[in-house]
Amino acid sequence: APAIEILSAEQVYPNGTRALMPVSLTIAPGEFVSLLGPSGCGKSTLLKMVAGLLAPSDGRILLSRRPVHDAGHDPQLSFVFQEATLMPWASVATNVRLPLDLAGVPRAEADARVAEALELVGLGRFGAHRPRELSGGMQMRVSIARGLVTRPRLLLMDEPFGALDEITRNRLDSDLLALWRQQGLTVVFVTHSISEAVFLSTRVVVMAARPGRVVEDLRIEAPWPRD
Ligand code: ADP
Ligand code: ADP
């Protein structure tokens, strides 16, 4: 089954703003899709609708043929927010463990999965640290680890690299590519960087503003072997 089916989904916010004209897209399992476009073209709106954080004002969205429900209740889906949004008073490990604690996963199993997720993002030695002791790039990786700890099939990210400097971004980019290959995840992320979209994704959905809409749907031939 397709990982994501967006069926003429559109968004008019309660104040009357039309954020998105009807969008239809089918995304297969294992695709790495970027939503690329200028500010205000409805990228975040579309991602939130896929995550079930915002209901389409018309149309439907299916994940594995089932209607989306709230991201917080779907263990198959993880949403990584633009800012790292970590609890500053808690250790890195506690931050990453949060979704498992909320799901009532027993402590020993949760700790093992936290260690695994931190290892995946290259922060295996940083579990006991506080977020503020880490750089911006490392904090973003903690946030991604928290998204991965539930072992989702689908990872959604809203400009995960937006606030980072270029070197950090490049490092995160390659970490993420490696992860994606390793885990067979379906990934959808929002960006306004053409290079990031082209370098990272296997498919670039180009959007335009006023009104927000999809204008191109491009499949990228990767410039290097992708196995
Ligand atoms: P992008 O992520 O591409 O910058 P957004 O999805 O955030 O675009 O916004 C698309 C349009 O919808 C913009 O015109 C924005 O101002 C508007 N918008 C976003 N959120 C809301 C909201 N909660 N209420 C009203 N208008 C909104
Ligand atoms: P930023 O570029 O935002 O400062 P980075 O992720 O590049 O963030 O990391 C900053 C510094 O933290 C690096 O110079 C590196 O020495 C250290 N660092 C990052 N990841 C690790 C890691 N997995 N193990 C040890 N040190 C790390």
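Position one of the sequence shown corresponds to residue 5 (full-length UniProt numbering), numbered consecutively onward. For glycine and all other residues, C-beta sits at the position ideal for the given N, C-alpha and C.
*Any idea if Pro60 is buried or exposed, counting beta-carbon neighbours within 10 angstroms, 16 or more meaning buried?*
buried
*For Leu138, collect the residues of the same chain with a Cβ closer than 6 Å to its Cβ; drop the 5 residues on either side in sequence, then sort them by chain order.*
Result list for Leu138: empty, nothing under 6 Å.
*asked:* Could you tell me the alpha carbon to alpha carbon distance between Glu123 and Arg101, rounded to whole angstroms?
replied: Going by the C-alpha atoms only, they are around 14 Å apart.
_Is Ala23 near ligand 3 - that is, is its Cβ less than 7 Å away from at least one heavy atom of it?_
As presented, the structure is devoid of ligand 3, carrying ligand 1 and ligand 2 as its sole ligands.
*With a Cβ-Cβ cutoff of 8 Å, do Leu152 and Met142 count as a contact?*
no
_Option in Thr30, Val118 and Arg155 with minimal Cα separation from Val146_ = Measuring from the Cα of Val146, the nearest candidate turns out to be Val118.
*Looking at C-alpha atoms only, which residue of Phe203, Leu159 and Ala23 is the closest neighbour of Leu67?*
Of the listed residues, the one whose Cα sits closest to Leu67 is Leu159.
*Is Thr49 near ligand 1, going by C-beta to nearest heavy atom under 7 Å?*
yes
*Please go through the region 61 to 111 and give each complete beta strand (DSSP E) segment of 3 or more residues, from N-terminal end onward.*
62 to 67 and 81 to 84
_Looking only at its chain, what residues have a beta carbon closer than 6 Å to the beta carbon of Asp62, apart from the 5 residues adjacent to it on each side?_
Glu14
*Would you check if the region 176 to 195 and the region 15 to 28 touch, i.e. whether three or more CB-CB distances between them fall below 8 Å?*
no
*Which residues bound the beta strand (DSSP E) around Leu152?*
Premise fails: Leu152 lies in the alpha helix (DSSP H), Gly140 to Leu152, not in any beta strand (DSSP E).
*With hydrogens ignored, establish whether the beta-carbon of Ser61 is closer than 7 Å to any heavy atom of ligand 1.*
no
*Could you check how far apart the C-beta atoms of Arg157 and Leu189 are, in whole angstroms? I think they sit under 8 Å.*
7 Å
*So, Val96 versus His133, is the Cβ gap smaller than 8 Å?*
A contact, by the Cβ cut-off of 8 Å.
*asked:* So, for Met91: in the same chain, excluding its five sequence neighbours on each side, which residues have a beta-carbon less than 6 Å away from its beta-carbon?
replied: Asn99
*Does ligand 1 have a heavy atom nearer than 7 Å to the CB of Val54?*
no
*asked:* Short of 6 Å in beta carbon distance, which residues of its chain neighbour Pro229, apart from the five on each side in sequence? Order them along the chain.
replied: In this predicted model, Pro229 has a pLDDT of only 49, less than 50, meaning its place in the structure is not dependable; the value taken from the coordinates is given anyway. None.
*Count the other CB atoms, across all protein chains shown, that sit within 10 Å of the CB of Glu113; report buried if there are 16 or more and exposed otherwise.*
exposed
_Nearest candidate by alpha-carbon position, reference Glu87, set Leu176, Trp93 and Met144_ = Met144
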